[in-house]
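So the sequence shown is numbered by numbering that gives the first Met the number 0: it starts at 0 and just counts up by one. All C-beta atoms, glycine included, are put in the ideal place defined by N, C-alpha and C. Note that the structure is predicted; figures quoted are calculated from it, not measured.
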Amino acid sequence: MHINSKSNIKLDEEKSLEIFAGVIAHEFNNLLSGIQAWAQIGEKEKDENNIRKAFKSINEACYKGTILVKSLLNFSKSQELDITTTNINDLLDETINLLAIQLEKKNITIEKNYSTIQNIMIDKGKIYQVFLNLLINARDAIEDRGGCIKISTSVKDKLLEVSFSDNGKGISKENLRNIFKPFYSTKDKHRGTLGTGLGLSISRDIIRHHRGEILVESAEGKGTTFYIVLPMEQSFPLVG
Ligand SMILES: Nc1ncnc2c1ncn2[C@@H]1O[C@H](COP(=O)(O)OP(=O)(O)OP(=O)(O)O)[C@@H](O)[C@H]1O
Ligand SMILES: [Mg+2]
Numbered sequence: 000m001h002i003n004s005k006s007n008i009k010l011d012e013e014k015s016l017e018i019f020a021g022v023i024a025h026e027f028n029n030l031l032s033g034i035q036a037w038a039q040i041g042e043k044e045k046d047e048n049n050i051r052k053a054f055k056s057i058n059e060a061c062y063k064g065t066i067l068v069k070s071l072l073n074f075s076k077s078q079e080l081d082i083t084t085t086n087i088n089d090l091l092d093e094t095i096n097l098l099a100i101q102l103e104k105k106n107i108t109i110e111k112n113y114s115t116i117q118n119i120m121i122d123k124g125k126i127y128q129v130f131l132n133l134l135i136n137a138r139d140a141i142e143d144r145g146g147c148i149k150i151s152t153s154v155k156d157k158l159l160e161v162s163f164s165d166n167g168k169g170i171s172k173e174n175l176r177n178i179f180k181p182f183y184s185t186k187d188k189h190r191g192t193l194g195t196g197l198g199l200s201i202s203r204d205i206i207r208h209h210r211g212e213i214l215v216e217s218a219e220g221k222g223t224t225f226y227i228v229l230p231m232e233q234s235f236p237l238v239g
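Have a look at this one:
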C-alpha cells in the first residue's frame with residue numbers, strides 16, 4: 000500500500016529545511032571545487048605518483064558526493080510511506096543481527112526487554128532505517144570501552160514505545176539542542192566513525208510521518224536513551 004502523506008512541517012522546521020538546502024549546496028560546491036582543483040593538477044602534472052594522488056582525491060570526493068546524494072534522496076522520498084503489517088520485535092532483531100559481529104568485536108552486549116506486541120502498520124524499510132541509525136549511534140557513543148545497549152518495547156494507552164539505551168559517553172546539554180539538526184555531527188573520521196549528521200533529522204521526519212515522536216534523555220559521561228513513540232492504530236491515509 001502506498002500512501003502519500005502531506006508533510007506536517009511547522010515554521011521552525013521550514014527554516015531548518017531552508018538551512019538544509021543551503022548546506023547541501025555548500026557541501027556540493029566544496030566537493031566540486033576540490034574535484035576541479037585536483038583535475039587541474041592532474042592535467043598539468045607529469046609525475047605519475049602525483050597524477051595517481053590526484054585521481055585518488057577525485058575518487059574520494061566522488062564517494063562523498065554519492066553519500067550526500069543518497070541521503071538527499073532518502074530525505075526527499077520520506078514523504079511517501081510504503082505501509083505493511085510488521086512485527087516490531089522481529090524488525091528490531093533484524094537490525095541487531097545486521098550489526099551483531101561489529102558489536103561483538105567492540106565488546107558491546109545487547110540486552111533485550113521486549114513485550115509481546117501485536118503487529119503494527121508501518122513503513123518497515125523506513126522504521127528499519129531509524130532503528131539502524133539509533134543502534135549505530137549507540138555503538139559509536141560507547142567508543143572502545145565496551146558497554147551495553149538496552150532495547151525495550153512496550154505498549155501503554157495504545158502507544159508503542161521502543162527505547163534504545165546506551166551507557167556511552169552521553170550528550171552535553173548544549174549539544175542536545177543540536178542533535179536533530181541536519182548535518183550536525185560530532186563524529187570523527189580519524190576514529191572511523193564519520194557521519195553525515197543526517198541520521199537523526201531523517202529519523203525524526205520518518206517518525207513524525209507515522210504520527211509519532213522521537214525523544215531523548217542523556218547524561219554526559221553516563222549514557223543516552225532515545226524513545227520512539229508510535230500510535231498502535233494508524234488511521235490512513237496519513238495526512239499531516
Ligand atoms: N546515543 C548517542 N550518544 C551520544 N551522542 C549521540 C547519540 N546519538 C546521537 N548522538 C549525537 O548526535 C549527533 C547526530 O546524530 P545523527 O545520527 O543525526 O548523525 P551522525 O550519527 O553523526 O551521522 P549519520 O547518522 O548521518 O551517519 C551525533 O554525531 C552525536 O554527536
Ligand atoms: Mg547517526
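Q) By DSSP, does H1 sit in helix, in strand, or in coil? A) Below a pLDDT of 50, predicted positions are generally treated as unreliable, and H1, at 39, falls in that range; no measurement from the model is reported.
Q.
For G194 and S184, which I take to be in contact (beta-carbon distance under 8 Å), what is that distance rounded to the nearest angstrom?
A. About 4 Å separates the beta carbons of G194 and S184, which is inside the 8 Å limit, making them a contact pair.
Q: With a threshold of 16 other CB atoms inside 10 Å of the CB of I100, please say whether the residue is buried or exposed.
A: Exposed is the call here.
Q: Can you list the residues near ligand 2, meaning Cβ strictly closer than 6 Å to any non-hydrogen atom, in the order they appear in the chain?
A: Those satisfying the condition are, in chain order, N132, I135, N136, G194 and G198.
Q. Cβ of I126 versus every heavy atom of ligand 1: is any distance shorter than 6 Å?
A. Not under cutoff, so the answer is no.
Q) In this structure, does DSSP put G146 in helix, strand or coil? A) DSSP places G146 within a strand segment (E or B) once states are collapsed to three.
**Q.** Nearest candidate by alpha-carbon position, reference S153, set K45, A60 and K111
**A.** Per the Cα distances, K111.
Q: Go ahead and pull the three-state DSSP assignment for I178.
A: I178: coil per DSSP, three-state reduction.
Q: Could you tell me which residues DSSP puts in a beta bridge with T84?
A: Answer by DSSP bridge pairing, in chain order: M120.
**Q.** Meets three-Cβ-pair contact criterion under 8 Å: the stretch 29–38 and the stretch 78–93
**A.** Too few Cβ pairs lie closer than 8 Å, so no.
Q. Between which two residues does the alpha helix (DSSP H) containing L199 stretch?
A. Run containing L199: G198 to H208, per the alpha helix (DSSP H) assignment.
**Q.** Alpha-carbon to alpha-carbon, R51 and K45
**A.** Computed Cα separation, rounded: 11 Å.
Q | Whole-angstrom distance between N166 and T108, CA atom to CA atom | A | If you take the alpha carbons of T108 and N166, they lie about 11 Å apart.
Q) Where does T224 fall in DSSP's three states? A) The answer is strand: DSSP assigns T224 an E or B state.
Q. What residues are listed by DSSP as bridge partners for I109?
A. According to DSSP, which records beta bridges pairwise, I109 is partnered with I148.
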